[in-house]
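Working notes, structure below.
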Amino acid sequence: ETADWTLLVQGMEAWHPAAAKVLSWFRFIPDARLDDLMISIAGPGGGVGPHFDSYDVFLIQMSGRRRWKISEQTDLSLSPDLPLKILQNFQQEQEWDLEPGDMLYLPPQIAHDGIALDAGCQTWSVGFRAQSYKELIQEGLWRLAESLENVPDLEKRFADPKQKATTSPEQLPNELSKQIAVLLRNLKLDQVETFMPGVAAYLSEPKPQAIFTPPVDTLDIGQFKALLSKQALVPHPQTRLLALGKTIFCNGDDVTLGQTPFTQKAWQSLAAKRLLKGSGFSASNPEDSLFEAYLAGWLIFAPNTERWL
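If you want it as structure tokens, here you go:
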């Protein structure tokens, strides 16, 4: 067998039921932090080289053995002209040999280098997201701005009938600042509770490479209701569900806004349990968000409810 090779496959939870099951074991950590499960397969001596991650990672040894060299060094300079971010001056401080069933946790910024010791070495990596505050604020502000499109008070135009003659025409009028301050307070745009729905929507967006396929044999809403009373509805493996209180965001959308109490509770169950089972669906409106999500391929009926859980 050829040595010194490594194959990395990301996002395996979307394609492999066992990987999805393993990922579900880590739901003691909030879903908003979860990224994906990557599988690394290597021949003897194979590895990507010394590197570090900007997020938490759990390394699970599935088969074969892998030697991990670890360092808490602060020098994280990278080797130039390489396709991967490989550390230029890796200085080993610890060493661990992982056998099947072993797991190693690495906090962010910990330098590590994993080298396969056996043929068929397979390591599963559960990675978690850690967005920069800049990213969270920018994405939240962008979505907050979108939500202001149909606010009547913002359609009004600025007026300052009491403006006196000025000797400093280059300065913005004080009245403009005062009126904007009043609007911000009235719309609660100075409160984090107003800002967080945009952040939740952003964090619930699926990965760019996610593919959702509408059902081949599309049901009408009556058939959907009948099937839901008999069969479990589960999120598609690439669907992201997050809750902000009782509001549920699915793939970037608020799916509870304006919905019936049953539909709202159904989404809350899907977000918490990744499963919806039983009767009670009474909507006849084809714009019901559960039905729309089914049509979009975001939710699927699972003959085997354990398949993606």
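To get this note's numbering, take the position in the sequence shown, counting from 1, and add 17.
In this text, a Cβ means the ideal position worked out from N, Cα and C, and glycines have one as well.
Note that the coordinates shown come from a computational prediction; the quantities given were computed from them, not determined experimentally.
(request) Measure the C-alpha to C-alpha separation of residue 256 and residue 276 and round it to an integer number of angstroms. (result) Along the sequence shown, one-based indexing puts residue 256 at 239. Along the sequence shown, one-based indexing puts residue 276 at 259. C-alpha separation (whole angstroms): 20 Å.
(message) Is any non-hydrogen atom of the ligand ZN found closer than 7 Å to the C-beta of residue 293, if you look at the structure I gave you?
(response) The ligand ZN is absent from the structure shown, which contains no ligand whatsoever.
(message) Please give the ranges of any beta strand (DSSP E) in the segment 209-295, keeping only runs that are unbroken, at least 3 residues long and fully inside the region.
(response) 250-252, 258-261, 264-267
(message) Strictly by DSSP, which residues pair up with residue 143?
(response) Indexing the sequence shown from 1 puts residue 143 at position 126. Note: residue 143 sits in a beta bridge opposite 54, 75.
(message) Can you give me the C-alpha to C-alpha distance between residue 100 and residue 66, rounded to a whole angstrom?
(response) The sequence position of residue 100 within the sequence shown is 83, counting from 1. The sequence position of residue 66 within the sequence shown is 49, counting from 1. Roughly 12 Å separates the two Cα atoms.
(request) Can you grab the Cα-Cα spacing for the pair residue 163 / residue 156, in whole Å? (result) Walking along the sequence shown from the start, residue 163 turns up at place 146. Walking along the sequence shown from the start, residue 156 turns up at place 139. So the alpha carbons of these two residues sit roughly 11 Å apart.
(message) So residue 24 and residue 141 are supposed to be a Cβ contact under 8 Å. How far apart are they, rounded?
(response) For the purposes of this step, residue 24 is taken as residue 7 along the sequence shown, with counting starting at 1. For the purposes of this step, residue 141 is taken as residue 124 along the sequence shown, with counting starting at 1. Between the beta-carbon of residue 24 and that of residue 141 there is about 13 Å, and that puts the pair past the 8 Å contact cut.
(message) Please report the distance separating the alpha-carbon of residue 170 from that of residue 248.
(response) Your numbering for residue 170 matches position 153 in the sequence shown. Your numbering for residue 248 matches position 231 in the sequence shown. Put simply, the backbone Cα of residue 170 is about 47 Å away from that of residue 248.
(request) Run the CB neighbour count on residue 291, radius 10 Å, all protein chains shown included, and call it buried at 16 or more, exposed below. (result) Sequence index remark: in the sequence shown, residue 291 carries index 274 (1-based). Flag for residue 291 reads buried.
(message) Tell me the rounded alpha-carbon separation between residue 85 and residue 107.
(response) As a first step, residue 85 must be located in the sequence shown, where it is residue number 68. As a first step, residue 107 must be located in the sequence shown, where it is residue number 90. Computed Cα separation, rounded: 13 Å.
(message) Between residue 238 and residue 301, how many whole angstroms is the CB-CB distance? I'm expecting something under 8 Å.
(response) For this step, residue 238 is matched to residue 221 along the sequence shown. For this step, residue 301 is matched to residue 284 along the sequence shown. For residue 238 against residue 301, the beta-carbon gap comes to about 6 Å, under 8 Å, which counts as contact.
(message) By DSSP's criteria, residue 26 is part of a beta bridge. Which residues make up the other side?
(response) Counted from its first residue, the sequence shown places residue 26 at position 9. BP columns for residue 26 point to 56.
(message) Using a Cβ-Cβ cutoff of less than 7 Å, which residues in the same chain neighbour residue 323 once the five nearest sequence positions on both sides are dropped?
(response) Translated into positions along the sequence shown, residue 323 becomes position 306. Note on residue 323: pLDDT 47, under 50, position unreliable in the model; no value is reported.
(message) Within 10 Å of its beta-carbon, does residue 191 have 16 or more other beta-carbons around it, so buried, or fewer, so exposed?
(response) On the sequence shown, residue 191 is found 174 positions in, with the first residue counted as 1. Under this definition residue 191 is an exposed residue.
(message) Using 8 Å as the cut-off, can you tell me whether the segment 122-134 makes contact with the segment 70-77, which would need three or more C-beta pairs spanning the two stretches below that distance?
(response) Contact between the segment 122-134 and the segment 70-77 is established, with three or more Cβ pairs separated by less than 8 Å.
(request) Would you give the residue range spanned by the alpha helix (DSSP H) that residue 200 belongs to? (result) Position 183 of the sequence shown, counted from the start, is the residue given in the question as residue 200. Residue range 191-203 is occupied by the alpha helix (DSSP H) that includes residue 200.
(message) Short of 6 Å in beta carbon distance, which residues of its chain neighbour residue 222, apart from the five on each side in sequence? Order them along the chain.
(response) The residue labelled residue 222 in the question sits at position 205 within the sequence shown. Counting only Cβ-Cβ distances below 6 Å, and skipping sequence neighbours, we find 269.
(message) If distances are taken between C-alpha atoms only, which option among 21, 20, 39 comes closest to residue 29?
(response) Start at 1 with the first residue of the sequence shown, and residue 29 comes out as number 12. Checked all of 21, 20, 39; the closest Cα to residue 29 is 39.
(message) Beta-carbon within less than 6 Å of residue 131's beta-carbon, same chain only, minus the 5 sequence neighbours each way: which residues are those?
(response) Against the sequence shown, residue 131 aligns to sequence position 114. Cβ contact annotation for residue 131 (same chain, cutoff 6 Å, sequence separation greater than five): 64, 83, 85, in chain order.
(request) Name the residue from 136, 102, 105, 46 whose alpha carbon lies nearest to the alpha carbon of residue 79. (result) Within the sequence shown, the letter at position 62 stands for residue 79. Per the C-alpha coordinates, the member of 136, 102, 105, 46 positioned closest to residue 79 is 136.
(request) Would you decide whether residue 46 is buried or exposed? Buried here means 16 or more other CB atoms lie within 10 Å of its CB. (result) In the sequence shown, counting from the first residue as 1, residue 46 sits at position 29. Result: exposed.
(message) Less than 8 Å between the C-beta atoms of residue 235 and residue 293, yes or no?
(response) Locating residue 235 in the sequence shown gives position 218, counting from the first residue. Locating residue 293 in the sequence shown gives position 276, counting from the first residue. It is not a contact, given that the beta carbons lie outside the stated cut-off.
(request) Let me know the secondary structure DSSP gives residue 101 once reduced to three states. (result) Mapped onto the sequence shown, residue 101 falls at position 84. Three-state result, residue 101: coil.
(request) Taking the CB atoms as reference points, tell me whether residue 252 and residue 307 lie closer together than 8 Å. (result) In the sequence shown, counting from the first residue as 1, residue 252 sits at position 235. In the sequence shown, counting from the first residue as 1, residue 307 sits at position 290. At least 8 Å separates the beta-carbon of residue 252 from that of residue 307.
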